[in-house]
Amino acid sequence: MALKDVIGHDKAINILLRTIEKGKIPSAYLFSGESGIGKKFTALNFAKALNCISEKRTNNYNLFYDACDECPSCQKIEKGVHPDFLMIESEGNQIKIEEIRAIEEKLSLKAYEGQYKIVIIDNAENMNQSAANAFLKTLEEPPENSLIILVSSMSELLPDTIRSRCCKVNFAPLSSDECLKVIKNVIGNKYNSKKIFSKTSRTKNAYSRLHEIDILEIISKLSMGKPGYAVTVNLIEERKWFIDLLEDMMNAEKDGWSSREEMERWFELLLVLLRDMALLKVKEDGNYMINIDLKEYIEKLSRTMSLKVIIEIYEQMSRLKGYLRYNLNKSLTWNFTGSLLRTRMDINNA
Ligand SMILES: [Zn+2]
Numbered sequence: 077m078a079l080k081d082v083i084g085h086d087k088a089i090n091i092l093l094r095t096i097e098k099g100k101i102p103s104a105y106l107f108s109g110e111s112g113i114g115k116k117f118t119a120l121n122f123a124k125a126l127n128c129i130s131e132k133r134t135n136n137y138n139l140f141y142d143a144c145d146e147c148p149s150c151q152k153i154e155k156g157v158h159p160d161f162l163m164i165e166s167e168g169n170q171i172k173i174e175e176i177r178a179i180e181e182k183l184s185l186k187a188y189e190g191q192y193k194i195v196i197i198d199n200a201e202n203m204n205q206s207a208a209n210a211f212l213k214t215l216e217e218p219p220e221n222s223l224i225i226l227v228s229s230m231s232e233l234l235p236d237t238i239r240s241r242c243c244k245v246n247f248a249p250l251s252s253d254e255c256l257k258v259i260k261n262v263i264g265n266k267y268n269s270k271k272i273f274s275k276t277s278r279t280k281n282a283y284s285r286l287h288e289i290d291i292l293e294i295i296s297k298l299s300m301g302k303p304g305y306a307v308t309v310n311l312i313e314e315r316k317w318f319i320d321l322l323e324d325m326m327n328a329e330k331d332g333w334s335s336r337e338e339m340e341r342w343f344e345l346l347l348v349l350l351r352d353m354a355l356l357k358v359k360e361d362g363n364y365m366i367n368i369d370l371k372e373y374i375e376k377l378s379r380t381m382s383l384k385v386i387i388e389i390y391e392q393m394s395r396l397k398g399y400l401r402y403n404l405n406k407s408l409t410w411n412f413t414g415s416l417l418r419t420r421m422d423i424n425n426a
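In the working numbering, each number is its position in the sequence shown, counted from 1, plus 76.
Below you can see the structure in the form of structure tokens.
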């Protein structure tokens with residue numbers, strides 16, 4: 077892969093290619109935007125482009141400033157074993173001062189193989205206070221030929237002092253077509269449709285149309301412009317989990333969430349469902365729905381509800397989701413939500 081293979085983000089890619097063309101690389105970038113849209117992927121390919129050593133590039137203008145993806149340098153960066161390249165991935169954990177020291181050490185050395193020493197810090201907002209303080213020093217006195225790329229979906233959590241020293245590149249969620257393209261290219265084989273169909277579902281009606289619509293198109297819609305999310309989570313299975321719990325809730329069964337993260341995700345999916353219900357009231361053809369394969373199910377679900385009621389519930393659920401950060405009691409929230417939905421939604425006939 078190379079910068080030219082990044083789908084969507086044309087503006088960001090052009091900025092980066094122009095920067096390489098001019099040869100004036102800033103010492104730090106902040107790639108910001110929602111998670112799962114290709115920020116880290118772009119950062120990795122930018123690193124490859126900066127240190128690519130292919131001779132092919134001199135003969136091909138299109139490749140001139142991009143990565144060849146074949147030379148030893150491109151290959152080593154892709155695998156994370158290039159001596160002048162470091163990727164810090166915190167994944168929910170704090171980035172500690174020891175990791176910042178490792179960055180300082182990497183950048184203070186003379187470039188070993190490449191033209192630039194490059195560090196990518198994914199989820200940069202996870203830097204704890206002492207790490208951020210130490211990191212600020214590196215940003216204030218950047219070593220020669222070094223580049224740091226901070227990647228963050230919550231860049232507002234980074235201290236102003238850090239943000240203001242980085243060159244900012246914004247990334248937006250992908251369009252529906254771009255998202256589908258990424259999903260077809262990158263994760264087309266990941267989803268085994270046989271496996272999905274063989275699972276028995278308590279909500280048979282909800283899945284009866286699954287075979288009629290291309291499975292990747294459904295996944296693309298469910299990822300809502302963030303195809304990276306579909307790489308780590310089977311979105312079809314996740315939605316099945318959501319609907320099964322919704323039905324349990326409507327039947328006044330015991331709460332089925334196992335963690336606060338699950339509660340948050342469940343409410344996110346509920347809001348998407350309510351959004352689709354409202355949309356169907358306005359546009360009967362179901363265009364622009366997220367759950368494109370569940371049109372009939374959603375129609376039946378909202379049969380007894382007016383648009384006004386759906387919007388009211390949406391607002392209530394949205395507020396409730398906001399309160400989750402105050403550690404709401406799990407079973408109380410379950411019962412409260414259930415009793416509210418039961419009075420409005422006609423789940424038994426859906
Ligand atoms: Zn190369």
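Built from N, CA and C at the ideal position, the CB exists for glycine as well.
Cβ of residue i less than 8 Å from any chain D Cβ?
{"i": "Ile89", "result": "No chain D is part of this structure, which consists of one protein chain only."}
Can you grab the Cα-Cα spacing for the pair residue i / residue j, in whole Å?
{"i": "Glu360", "j": "Ala354", "result": "10 Å"}
{"i": "Phe122", "j": "Asn202", "result": "23 Å"}
{"i": "Ile374", "j": "Met326", "result": "15 Å"}
{"i": "Lys182", "j": "Ser130", "result": "24 Å"}
{"i": "Met339", "j": "Ser229", "result": "21 Å"}
{"i": "Phe117", "j": "Tyr364", "result": "28 Å"}
{"i": "Asn246", "j": "Ser149", "result": "27 Å"}
{"i": "Asp86", "j": "Phe343", "result": "33 Å"}
{"i": "Ile179", "j": "Glu391", "result": "45 Å"}
{"i": "Ile295", "j": "Pro219", "result": "44 Å"}
{"i": "Ala207", "j": "Lys172", "result": "5 Å"}
{"i": "Arg401", "j": "Gly99", "result": "45 Å"}
{"i": "Asp253", "j": "Lys297", "result": "10 Å"}
{"i": "Trp416", "j": "Lys376", "result": "What sits at residue 416 in the sequence shown is Leu, not Trp. Taking the straight line from one Cα to the other gives about 18 Å."}
{"i": "Asn310", "j": "Asn169", "result": "23 Å"}
{"i": "Ala104", "j": "Arg241", "result": "7 Å"}
{"i": "Val157", "j": "Gly398", "result": "42 Å"}
{"i": "Tyr233", "j": "Arg379", "result": "Note that residue 233 is Leu in the sequence shown, not Tyr. Looking at the two C-alpha atoms, the distance is approximately 43 Å."}
{"i": "Ala88", "j": "Asp290", "result": "31 Å"}
{"i": "Arg418", "j": "Leu370", "result": "20 Å"}
{"i": "His287", "j": "Glu293", "result": "Model confidence at His287 stands at a pLDDT of 49, short of 50, so the residue's coordinates are unreliable and nothing is read from them."}
{"i": "Ser407", "j": "Glu372", "result": "31 Å"}
{"i": "Ile225", "j": "Leu162", "result": "10 Å"}
Return yes when at least one heavy atom of ligand 1 lies under 7 Å from the C-beta of residue i, else no.
{"i": "Ile432", "result": "Absent from the structure is residue 432, since the part of the chain shown begins at 77 and ends at 426."}
{"i": "Asp86", "result": "no"}
{"i": "Cys147", "result": "yes"}
{"i": "Ala178", "result": "no"}
{"i": "Ala143", "result": "yes"}
{"i": "Cys150", "result": "yes"}
{"i": "Lys124", "result": "yes"}
Would you grab the beta carbon distance between residue i and residue j for me? Rounded to a whole angstrom, and I think it's under 8 Å.
{"i": "Ile197", "j": "Leu215", "result": "So it is not a contact: roughly 11 Å between Cβ atoms."}
{"i": "Gly332", "j": "Leu321", "result": "5 Å"}
{"i": "Val348", "j": "Ile368", "result": "The Cβ separation is near 12 Å, so there is no contact."}
{"i": "Asn204", "j": "Ser166", "result": "Actually they do not touch by this definition, with Cβ atoms about 10 Å apart."}
{"i": "Lys357", "j": "Leu383", "result": "4 Å"}
Excluding the five sequence neighbours on either side, which residues of its own chain have a C-beta within less than 6 Å of the C-beta of residue i, listed in chain order?
{"i": "Lys213", "result": "none"}
{"i": "Gly301", "result": "Pro249, Leu250 and Cys255"}
{"i": "Trp410", "result": "Asp331"}
{"i": "Lys257", "result": "Ile83"}
{"i": "Glu175", "result": "Ile164"}
{"i": "Phe273", "result": "With a pLDDT of only 38 at Phe273, under the threshold of 50, the placement of this residue in the model should not be trusted; the figure read from the coordinates follows. Nothing meets the Cβ criterion."}
{"i": "Lys244", "result": "Leu106"}
{"i": "Gly304", "result": "Gly112"}
{"i": "Lys152", "result": "His158"}
{"i": "Leu120", "result": "none"}
{"i": "Lys155", "result": "none"}
{"i": "Asp324", "result": "Gly332"}
Using C-beta distances below 8 Å, list every residue in its chain close to residue i, excluding the 5 sequence neighbours before and after it, in chain order.
{"i": "Asn261", "result": "Ile83"}
{"i": "Ala187", "result": "Asp160, Lys193 and Asn221"}
{"i": "Arg177", "result": "Ala210"}
{"i": "Lys270", "result": "Model confidence at Lys270 stands at a pLDDT of 42, short of 50, so the residue's coordinates are unreliable and nothing is read from them."}
{"i": "Asn403", "result": "Arg336"}
{"i": "Leu92", "result": "Leu79, Thr118, Phe122, Ala125 and Val245"}
Please list, in chain order, all residues of the same chain as residue i whose beta carbon is under 7 Å from its beta carbon, the five residues on each side excluded.
{"i": "Arg420", "result": "Met381, Val385 and Ile389"}
{"i": "Lys115", "result": "Phe107, Gly109, Val227 and Phe247"}
{"i": "Cys147", "result": "Cys128, Ile129 and Ser130"}
{"i": "Phe318", "result": "Trp342 and Leu345"}
{"i": "Ala125", "result": "Ala78, Leu79, Ile96, Tyr141, Asp142 and Ala143"}
{"i": "Ala306", "result": "Ile259, Ile263, Ile295 and Ser299"}
{"i": "Leu350", "result": "Ile386, Ile389, Tyr390 and Met393"}
{"i": "Pro102", "result": "Cys243"}
{"i": "Glu313", "result": "none"}
{"i": "Asp352", "result": "Met365, Ile366, Asn367 and Ile374"}
{"i": "Pro235", "result": "Ala208"}
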